[in-house]
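Asker:
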Amino acid sequence: MTKPSSAAQRWDARYAASDEPPFGTAPNEYLRMVTARSDFDARSALCLADGDGRNGAWLARQGLTVTALDISAVATERALAFDRDNAVAVKRLTADLDSWSAKPAETWDLITLLYLQAPTGTRLRALDQAAAALAPGGWLVVEAFAKAQAAQPTMGPDNPDLLYDLSELRAATPGLTVVEALEGEVHLEEGRRHRGIAQVVRFAARRPG
Ligand SMILES: C[S@@+](CC[C@H](N)C(=O)[O-])C[C@H]1O[C@@H](n2cnc3c(N)ncnc32)[C@H](O)[C@@H]1O
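To convert a position in the sequence shown, counted from 1, into the working numbering, add 16.
1) Could you give the first and the last residue of the continuous alpha helix (DSSP H) run that contains V104?
2) Here's the rule: buried if 16 or more other CB atoms are within 10 angstroms of the residue's CB, otherwise exposed. What is E206?
3) Can you tell me where the alpha helix (DSSP H) with A76 in it begins and where it stops?
4) Would you call R70 buried or exposed, if buried means 16 or more other Cβ atoms sit within 10 Å of its Cβ?
5) Label D86 either buried or exposed according to how many other C-beta atoms from any shown protein chain fall within 10 Å of its C-beta, with 16 as the threshold for buried.
6) Whole angstroms are fine: how far does the CA of A24 sit from the CA of M171?
7) The beta strand (DSSP E) with A142 in it runs from where to where?
8) For E184, which three-state DSSP category applies?
9) Using a 10 Å radius around the Cβ and a threshold of 16 neighbouring Cβ atoms, would you call S115 buried or exposed?
10) Residues in the same chain with beta-carbon distance under 7 Å from L109, minus the five sequence neighbours each way, listed in chain order, please.
11) If you count every other CB in all the chains shown that lies within 10 Å of the CB of P43, and 16 or more means buried, which is it?
12) Let me check understanding here. Comparing Cα to Cα, which of G153, R30 and I127 lies closest to G225?
Written out as structure tokens, the structure is:
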């Protein structure tokens, strides 16, 4: 059996210490905004780093066929319980974005990367895998703390290496057409952990075709 990575152990401990979903049970607001667009037409989704399941379960409730993965086995167990409570089926894997790859020719119409707080190498690899696994016309949707949030004591990591900027997102997805690339201050209402004013990036891009 493979030994869990230190990132897996850290996230397992964080979820185990929380008696409620740390990022809430409602879907991410930016994901909801993108899916409400008149040109959004995805039928399948891959949720990377889906945590305890709020976004994957919500997309399944909207009628999409959803696959989701997260490094934390504790979060994945909770996500499966949340799916059952919501009467949806999501294919969930416990997997590390440092090593996970989609099967050749496996593609999705929507891939989400919401608040993956991980070192630059992991984040860039995840973006590369996501861009490669998008179906023609498919959407990549990213929301995460911006590097400017490192200086804010309110929430999110204080290490800028775990945080995002738009130039990095653009450079990491050269084959995609950018639909929205925003960086700035928003008021988050996402569970106990992501609540209040924060500096974030919001990025939506599509595979041509
Ligand atoms: C801030 S939480 C966000 C969870 C979820 N996306 C949401 O918005 O509710 C970050 C998630 O990234 C996961 N994660 C961190 N490093 C990862 C990696 N290398 N591979 C896969 N998941 C990872 C953690 O286990 C955690 O669930």
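All C-beta atoms in this analysis are idealised placements derived from N, C-alpha and C, irrespective of residue type, glycine included.
Answerer: With the structure as the only source:
1) Unbroken run through V104: none, as it is neither H nor E.
2) By the neighbour-count criterion, in which a residue is buried when 16 or more other Cβ atoms sit within 10 angstroms of its Cβ, E206 is buried.
3) R70 to R77 is the span of the alpha helix (DSSP H), which, as asked, contains A76.
4) R70 should be labelled buried.
5) Under this definition D86 is a buried residue.
6) Each residue's CA atom was taken as its position, placing M171 and A24 some 20 Å apart.
7) From DSSP, A142 is part of no beta strand (DSSP E) but of the alpha helix (DSSP H) over T136 to A148.
8) DSSP places E184 in helix when its eight states are reduced to three.
9) Exposed: under 16 other Cβ atoms inside 10 Å.
10) Once the five neighbours on either side are set aside, the close Cβ partners of L109 are L85.
11) Counting Cβ neighbours within 10 Å, P43 comes out buried, since at least 16 surround it.
12) Ranking the options by Cα distance to G225, first place goes to G153.
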